[in-house]
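Right, one structure below, let's go through it.
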Amino acid sequence: MSRSAFLDLARPSRRHWLGYLLLLPAVLLIGLIIAYPLFVSVDLSFQNVGIPRLDQPRRPFTTMNYERLFTSPEFWNASWTTLKLVVIVSFFCFLLGLGTALLVNNRFKGQSLARLLVALPWAVPEVVAVVVFAWIFDSSFGLMNWVFIRLGLVDTTISWFSSPEAAFAVVCVTMVWKGYPFVSIMMLAGLQSIPEDFYNAARVDGANAWQRLINITLPSLMPVLGVTLILVMLWVFRDFSIIYVMTGGGPLKATQTLSIMTYEQAFGFFKMGYASAIGVVTLIVCVIASRLLMGRAPENI
Amino acid sequence: MRMLDWKRLAAAGLVTLGTMTALPALAQNKVLKFVSWQKDERGTGDWWGSVIKEFEATHPGVKIEWTKVERGAFADTMTTLFAGGQPPDIVHLASFEFQKFAANGWLEPLDPYIKSAKLDLKGWAGQDTCTWNKQNVCVMMLYFGYFMAYNEELLKKEGLEVPKNYAEFLTAARKLTKDINGDGIVDQFGTGHETRGGGGQYMSEMMNYTLDAGARWTDENGKVTINTPQMIEGLTRWKTIVKENLTPRDLAAGEVRQLFADGKIALKMDGPWLWPIIQKGKARDQIKLTTVPFNPPVGGSSNVLGIASEISPENKKLAWDFIAIATSDKFQSSYATLGASPPPDPRADTTGASKETPHFDLLVKATKAAADAKVDRIPKGLELQFNEFAKMVMEESQRMIIQDLDPKVVAATMQKKAETLQQQ
Amino acid sequence: MAGISIERVTKSYGPLQVLKDFSLEITDGEFVVFVGPSGCGKSTMLKILAGLEEATSGTVRIGGRDVTDLAPGDRDIAMVFQNYALYPHLTVARNMGFGLKMRGMPAAEIERRVNEAAQILGVAHLLDRKPKALSGGQRQRVALGRAIVREPQAFLMDEPLSNLDAKLRVHTRAEISALHQRLKTTTIYVTHDQTEAMTMADRIVIMRDGEIQQIADPDTMFRKPANLFVAGFIGSPGMNFFRAELTGARTARLLGREIELPLAKAPGTRELLVGLRPEYLSAGATGPVTFEATPRLVESLGSEKYLYLDLAEENRTSLKDAGSDDRRADQFIARVMDADHVTQGQPVSLSFDPARLHLFDPQTHLALN
Numbered sequence: 245m246s247r248s249a250f251l252d253l254a255r256p257s258r259r260h261w262l263g264y265l266l267l268l269p270a271v272l273l274i275g276l277i278i279a280y281p282l283f284v285s286v287d288l289s290f291q292n293v294g295i296p297r298l299d300q301p302r303r304p305f306t307t308m309n310y311e312r313l314f315t316s317p318e319f320w321n322a323s324w325t326t327l328k329l330v331v332i333v334s335f336f337c338f339l340l341g342l343g344t345a346l347l348v349n350n351r352f353k354g355q356s357l358a359r360l361l362v363a364l365p366w367a368v369p370e371v372v373a374v375v376v377f378a379w380i381f382d383s384s385f386g387l388m389n390w391v392f393i394r395l396g397l398v399d400t401t402i403s404w405f406s407s408p409e410a411a412f413a414v415v416c417v418t419m420v421w422k423g424y425p426f427v428s429i430m431m432l433a434g435l436q437s438i439p440e441d442f443y444n445a446a447r448v449d450g451a452n453a454w455q456r457l458i459n460i461t462l463p464s465l466m467p468v469l470g471v472t473l474i475l476v477m478l479w480v481f482r483d484f485s486i487i488y489v490m491t492g493g494g495p496l497k498a499t500q501t502l503s504i505m506t507y508e509q510a511f512g513f514f515k516m517g518y519a520s521a522i523g524v525v526t527l528i529v530c531v532i533a534s535r536l537l538m539g540r541a542p543e544n545i
Numbered sequence: 033m034r035m036l037d038w039k040r041l042a043a044a045g046l047v048t049l050g051t052m053t054a055l056p057a058l059a060q061n062k063v064l065k066f067v068s069w070q071k072d073e074r075g076t077g078d079w080w081g082s083v084i085k086e087f088e089a090t091h092p093g094v095k096i097e098w099t100k101v102e103r104g105a106f107a108d109t110m111t112t113l114f115a116g117g118q119p120p121d122i123v124h125l126a127s128f129e130f131q132k133f134a135a136n137g138w139l140e141p142l143d144p145y146i147k148s149a150k151l152d153l154k155g156w157a158g159q160d161t162c163t164w165n166k167q168n169v170c171v172m173m174l175y176f177g178y179f180m181a182y183n184e185e186l187l188k189k190e191g192l193e194v195p196k197n198y199a200e201f202l203t204a205a206r207k208l209t210k211d212i213n214g215d216g217i218v219d220q221f222g223t224g225h226e227t228r229g230g231g232g233q234y235m236s237e238m239m240n241y242t243l244d245a246g247a248r249w250t251d252e253n254g255k256v257t258i259n260t261p262q263m264i265e266g267l268t269r270w271k272t273i274v275k276e277n278l279t280p281r282d283l284a285a286g287e288v289r290q291l292f293a294d295g296k297i298a299l300k301m302d303g304p305w306l307w308p309i310i311q312k313g314k315a316r317d318q319i320k321l322t323t324v325p326f327n328p329p330v331g332g333s334s335n336v337l338g339i340a341s342e343i344s345p346e347n348k349k350l351a352w353d354f355i356a357i358a359t360s361d362k363f364q365s366s367y368a369t370l371g372a373s374p375p376p377d378p379r380a381d382t383t384g385a386s387k388e389t390p391h392f393d394l395l396v397k398a399t400k401a402a403a404d405a406k407v408d409r410i411p412k413g414l415e416l417q418f419n420e421f422a423k424m425v426m427e428e429s430q431r432m433i434i435q436d437l438d439p440k441v442v443a444a445t446m447q448k449k450a451e452t453l454q455q456q
Numbered sequence: 084m085a086g087i088s089i090e091r092v093t094k095s096y097g098p099l100q101v102l103k104d105f106s107l108e109i110t111d112g113e114f115v116v117f118v119g120p121s122g123c124g125k126s127t128m129l130k131i132l133a134g135l136e137e138a139t140s141g142t143v144r145i146g147g148r149d150v151t152d153l154a155p156g157d158r159d160i161a162m163v164f165q166n167y168a169l170y171p172h173l174t175v176a177r178n179m180g181f182g183l184k185m186r187g188m189p190a191a192e193i194e195r196r197v198n199e200a201a202q203i204l205g206v207a208h209l210l211d212r213k214p215k216a217l218s219g220g221q222r223q224r225v226a227l228g229r230a231i232v233r234e235p236q237a238f239l240m241d242e243p244l245s246n247l248d249a250k251l252r253v254h255t256r257a258e259i260s261a262l263h264q265r266l267k268t269t270t271i272y273v274t275h276d277q278t279e280a281m282t283m284a285d286r287i288v289i290m291r292d293g294e295i296q297q298i299a300d301p302d303t304m305f306r307k308p309a310n311l312f313v314a315g316f317i318g319s320p321g322m323n324f325f326r327a328e329l330t331g332a333r334t335a336r337l338l339g340r341e342i343e344l345p346l347a348k349a350p351g352t353r354e355l356l357v358g359l360r361p362e363y364l365s366a367g368a369t370g371p372v373t374f375e376a377t378p379r380l381v382e383s384l385g386s387e388k389y390l391y392l393d394l395a396e397e398n399r400t401s402l403k404d405a406g407s408d409d410r411r412a413d414q415f416i417a418r419v420m421d422a423d424h425v426t427q428g429q430p431v432s433l434s435f436d437p438a439r440l441h442l443f444d445p446q447t448h449l450a451l452n
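Residue numbers (the working numbering), protein chains in the order written: chain G, 245 to 545; chain D, 33 to 456; chain U, 84 to 452.
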């Protein structure tokens with residue numbers, strides 16, 4: 245049996261080659277799909293280009309895209325809107341997610357069904373969810389208006405998508421609905437890894453339910469909480485389809501986030517250079533934010 | 033030894049397999065790529081299918097690969113294809129999108145082909161729009177004019193006559209907007225417009241009122257003419273209609289049309305594509321058609337056909353053959369019948385169409401009225417920036433409605449912003 | 084006064100009865116050990132005492148107060164867990180003071196008590212560390228400290244030494260006993276290890292399948308087991324069991340000899356189960372009854388030897404569920420000192436005193452003497 249001694253991966257000295265070999269396809273893929281386009285984007289952002297052609301000579305280097313970006317009120321508006329959205333949606337996703345996880349963690353009849361229902365919004369495709377919510381909040385025929393009028397909260401129908409504040413609220417509601425199951429599932433996994441004895445010890449020590457929540461549950465969940473928080477915030481930051489299908493960024497740019505703005509500039513107005521600049525700025529913000537928030541998360545993961 | 037042989041055999045097998053699959057591709061027929069959003073559309077889709085069939089019958093060994101891309105994503109997809117150096121051979125574009133492609137030199141100038149094929153484009157509706165840099169870069173496939181559809185029964189109930197001008201229209205719309213079942217929510221509307229979605233469609237809806245007020249976005253020379261008394265009047269009318277909720281709010285065009293077809297809206301101005309939708313609606317039997325109570329009607333070029341400039345000369349010739357078939361009098365006539373729309377070819381025989389579609393003559397009348405008034409959605413001088421311009425108009429109009437601004441101020445704002453866009 | 088009174092407590096999970104009619108009176112300051120094999124219900128009983136489980140029926144009183152339906156936090160008891168249950172995100176000091184903080188005690192008082200307890204347990208130098216920086220033994224002491232600072236009416240300990248290694252176990256065992264001497268708080272201690280029960284308890288409660296088998300102090304339980312199970316459970320290595328047929332009113336044939344059985348009155352059966360502890364077999368002809376046997380295996384522990392000896396057919400018995408270690412029916416064990424001459428495979432003479440025999444009814448397994 246002639247087996248090449250050089251390629252024998254079972255030898256102790258060659259063992260780690262297997263690791264590299266297995267990683268190679270993934271690394272190549274990431275390089276092609278993520279790293280290379282990223283590089284091209286950064287390159288584009290320094291050119292004054294409308295529709296780029298990769299086989300034509302490169303246009304001259306210029307920083308006008310960035311200059312235009314930082315002096316445009318639209319950019320700052322989009323940044324502010326993105327920030328608002330991230331904070332509000334993350335906060336409510338957390339409240340709702342943690343709450344449902346705590347509830348569903350108890351043993352009761354129909355527990356498995358409850359867990360399934362909690363996870364359902366996550367399974368629904370984003371566009372489908374948006375269509376449903378768009379109809380619920382429809383100005384003339386929507387469920388929400390009917391409920392509001394029935395309850396006597398308003399006398400006349402609210403045009404949800406004509407009012408900047410209302411449209412923003414609707415987008416928030418849709419995103420929270422879509423996002424909280426993820427938090428719920430992560431929290432649930434975390435809750436189940438807390439040893440029962442902690443709670444027993446606390447009970448014997450005389451802690452009531454609220455004290456147990458604050459002193460045992462939350463601190464024990466901190467690692468999971470931290471990671472989940474980052475993932476949710478990044479998701480809200482970059483989410484495109486929910487906002488695009490629901491309001492397209494309007495009305496009056498009330499729901500225009502950085503990702504919407506990037507898309508509009510690139511494919512609506514065919515200004516790829518400018519759009520790439522926005523994309524690069526978005527990337528930098530995300531990287532910095534997650535690095536700050538991550539802290540010691542790698543240990544916990 | 034045996035293992036090595038096995039490996040060699042496997043390697044040889046793979047190579048053979050690879051070659052075998054490649055060979056058929058080389059020996060196969062020529063394939064022309066044709067991308068359109070009208071595939072699977074009732075009427076027009078069938079017509080395209082007939083053109084393809086004729087082409088393949090007269091060109092053995094050549095097949096047309098017909099792909100559908102949604103209207104919403106069409107511009108992005110085409111841009112990506114062209115930018116990536118993989119354009120379709122036969123280029124189908126909406127009339128407000130092709131300018132960008134022409135500006136990049138991606139559309140083959142068609143004059144040599146037109147001359148040698150002796151294609152007579154005189155009187156070809158909307159063909160002016162296809163000129164770029166004094167050359168024909170495409171052929172107009174549809175130019176249309178709006179008509180008005182109305183629900184006879186709803187009007188009868190209120191004792192109203194069909195409106196003939198804006199004043200009557202406004203009165204009728206006001207009377208017809210009410211709460212039918214008494215739950216406090218308005219469920220019947222006088223008219224219907226899309227107020228959510230892209231800028232292009234929003235502008236078209238507005239133009240129902242601005243054109244009648246005598247306003248244009250730009251003049252013949254491309255100068256912006258928004259800050260004019262006529263446009264201010266037009267803006268005021270639009271504001272009235274929307275702010276008084278005479279139309280359902282925040283619906284997309286398709287949804288509005290469906291509501292009308294189901295009898296929830298009384299008066300609707302729209303293009304020829306409304307007809308098949310009405311046919312499938314609940315209120316089919318109560319709906320009648322007439323001319324719009326405005327002058328001129330909204331109209332404009334719809335879509336164009338061209339050839340990609342960066343394909344092989346052989347493919348260009350074949351693509352032209354395809355266009356030749358589509359623009360032949362025979363197929364322009366069948367377009368009238370199948371597509372229920374007036375074909376741009378002035379020589380097309382539309383008698384068959386008139387028999388099939390009872391309102392065909394109305395369509396022709398509307399098209400003529402719009403064409404004579406040189407109405408087009410795409411303002412001259414702002415073709416390249418159309419998307420941005422449309423978005424700006426939509427936003428400022430929305431701002432006018434939401435913040436209850438004076439149309440005079442709004443017109444001035446729009447004027448300034450449009451001029452800035454032009455200078456970009 | 085913090086005596087504990089358990090009256091006819093039962094616990095069932097549906098049709099499965101885990102505790103059957105448990106009654107026990109514990110006096111103030113007593114150290115009681117619940118011992119038994121896995122699944123005997125000892126931990127369940129402890130949890131019922133703590134209030135972490137609900138009794139199906141019966142009452143529990145602590146210090147004269149009926150606490151059967153009181154929350155664990157209101158019973159004035161402290162618990163030590165097998166896995167320590169130390170809160171990982173708090174320092175040792177905070178861990179120990181947790182219960183007091185929950186009850187709203189002023190910070191100064193908490194600190195005083197924590198320091199005092201830390202001194203007693205020798206963990207004062209660890210007060211600022213987090214549990215993950217401590218060894219197993221240190222963690223257990225911190226857990227003990229958390230219980231001590233509460234100054235409760237009773238301690239409940241759930242197999243606290245099970246997670247420690249052998250040497251540490253011996254050491255901590257002594258510490259717990261010393262602690263008990265010092266604080267004199269009523270303690271209920273659950274374990275499956277009979278050595279811990281024997282060395283630490285004032286009284287042992289031995290359980291099996293939810294029933295109490297015997298309640299007695301260690302010496303009594305050793306010398307006078309109430310039934311076969313207790314006899315086999317207590318003592319290591321476990322008691323040898325033989326089957327013996329009566330040859331007379333009070334005589335039987337055992338190990339090849341006619342023996343006078345230490346019975347007060349005649350038993351009602353023809354056959355008896357006889358128990359003899361390995362410790363009561365000595366090498367040489369020193370006792371009243373001597374016999375010969377061949378050791379198949381000799382285990383030497385230095386100071387003593389365990390001899391695994393063949394057993395004649397007539398005396399073999401198959402007791403599947405005796406409390407003793409799973410042993411082959413054809414062997415018995417002798418634990419002898421000063422037996423340097425004994426080697427595997429060579430017959431050796433051994434002797435015992437019949438007065439040391441335990442006799443059991445073969446049907447009911449109850450002790451007859």
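Note that the Cβ used here is the ideal one computed from N, Cα and C, for glycine as well.
It should be emphasised that the depicted structure is a prediction, and the values quoted were computed from it without experimental measurement.
1. Can G177 (chain D) and G313 (chain D) be called in contact, C-beta distance under 8 Å?
2. Rank D:Q455, D:K275, D:M110, D:A368 by C-alpha distance to the C-alpha of Q435 (chain D) and give the top, closest one.
3. Within 10 angstroms of its Cβ, does E226 (chain D) collect 16 or more other Cβ (buried), or is it exposed?
4. Could you name the residues of chain U that A410 (chain G) contacts, counting a contact when the two beta carbons are closer than 9 Å?
5. Measure the beta-carbon distance from G339 (chain U) to T377 (chain U) and round it to whole angstroms, keeping in mind my assumption that it falls under 8 Å.
6. Any residues in the region 430-453 of chain G with a beta carbon nearer than 8 Å to a beta carbon of chain U? Which ones, in chain order?
7. Taking 8 Å as the CB-CB cut-off, is M322 (chain U) touching chain G?
8. Taking 7 Å as the cut-off, is the beta-carbon of G343 (chain G) closer than that to any non-hydrogen atom of the ligand GDP?
9. Can a CB atom of chain D be found closer than 8 Å to the CB of R302 (chain G)?
10. With C-beta atoms as the reference, is T274 (chain U) less than 8 Å away from F238 (chain U)?
11. Following the continuous alpha helix (DSSP H) through T501 (chain G), name the residue where it begins and the one where it ends.
12. Does L251 (chain G) get closer than 8 Å to chain U when you measure Cβ to Cβ?
13. Alpha carbons only, please: which of D:G384, D:A340, D:M446 is nearest the one belonging to F66 (chain D)?
14. For the region 156-168 of chain U, which residues have a beta carbon sitting closer than 7 Å to at least one beta carbon of chain G?
15. Going by DSSP in three states, K207 (chain D) sits in which element: helix, strand or coil?
16. In angstroms, rounded to a whole number, what distance separates the CA positions of L451 (chain U) and A280 (chain U)?
17. Tell me which residue opens and which closes the alpha helix (DSSP H) that P261 (chain D) is part of.
18. Anything in chain G within Cβ reach of F181 (chain U), meaning under 9 Å, just list it in chain order.
19. Please say whether A207 (chain U) and L169 (chain U) have beta carbons closer to each other than 8 Å?
20. Determine the DSSP secondary structure at N178 (chain U), reduced to helix, strand or coil.
21. How about P463 (chain G): is its C-beta nearer than 8 Å to some C-beta of chain U?
22. Hey, V372 (chain U) and V425 (chain U): beta-carbon distance below 8 Å or not?
Checking against the coordinates, here is how it stands:
1. No, Cβ-Cβ distance for G177 (chain D) and G313 (chain D) is not below 8 Å.
2. For the options D:Q455, D:K275, D:M110, D:A368, the alpha carbon positioned closest to that of Q435 (chain D) is the one of D:K275.
3. By the 10 Å Cβ count, E226 (chain D) comes out buried.
4. Listed along chain U is no residue with a C-beta nearer than 9 Å to that of A410 (chain G); the closest approach is about 42 Å.
5. Not quite, the Cβ-Cβ distance comes to about 12 Å (not below 8 Å), so this is no contact.
6. Flagged, chain order: P439, D441, F442, N444, A445, A446, R447, V448, D449, G450, A451, N452.
7. M322 (chain U) does not count as touching chain G.
8. In the structure shown, the ligand GDP is absent, as is every other ligand, since no ligand is present at all.
9. So no, R302 (chain G) is outside the interface.
10. Taking 8 Å as the Cβ cut-off, T274 (chain U) and F238 (chain U) do not qualify as a contacting pair.
11. For T501 (chain G), there is no enclosing alpha helix (DSSP H), as DSSP marks it with neither H nor E.
12. Any Cβ of chain U closer than 8 Å to the Cβ of L251 (chain G) would place that residue at the interface, and such an atom is absent.
13. Among D:G384, D:A340, D:M446, the Cα nearest to that of F66 (chain D) belongs to D:A340.
14. Of all residues in the region 156-168 of chain U, G156, I160, A161, M162, F164, N166, A168 have a Cβ within less than 7 Å of some Cβ in chain G.
15. DSSP, read as helix, strand or coil, puts K207 (chain D) in helix.
16. Going by the C-alpha atoms only, they are around 25 Å apart.
17. Per DSSP, the unbroken alpha helix (DSSP H) holding P261 (chain D) starts and ends at 261-275.
18. By Cβ distance, chain G contributes A445, A446, D449, A451, N459.
19. In this structure, L169 (chain U) lies away from A207 (chain U), with their beta-carbon atoms at least 8 Å apart.
20. In the structure shown, the three-state DSSP call for N178 (chain U) is helix.
21. Closer than 8 Å: yes.
22. Inclusion of V372 (chain U) and V425 (chain U) in the CB contact set at 8 Å is not warranted, their separation being larger than that value.
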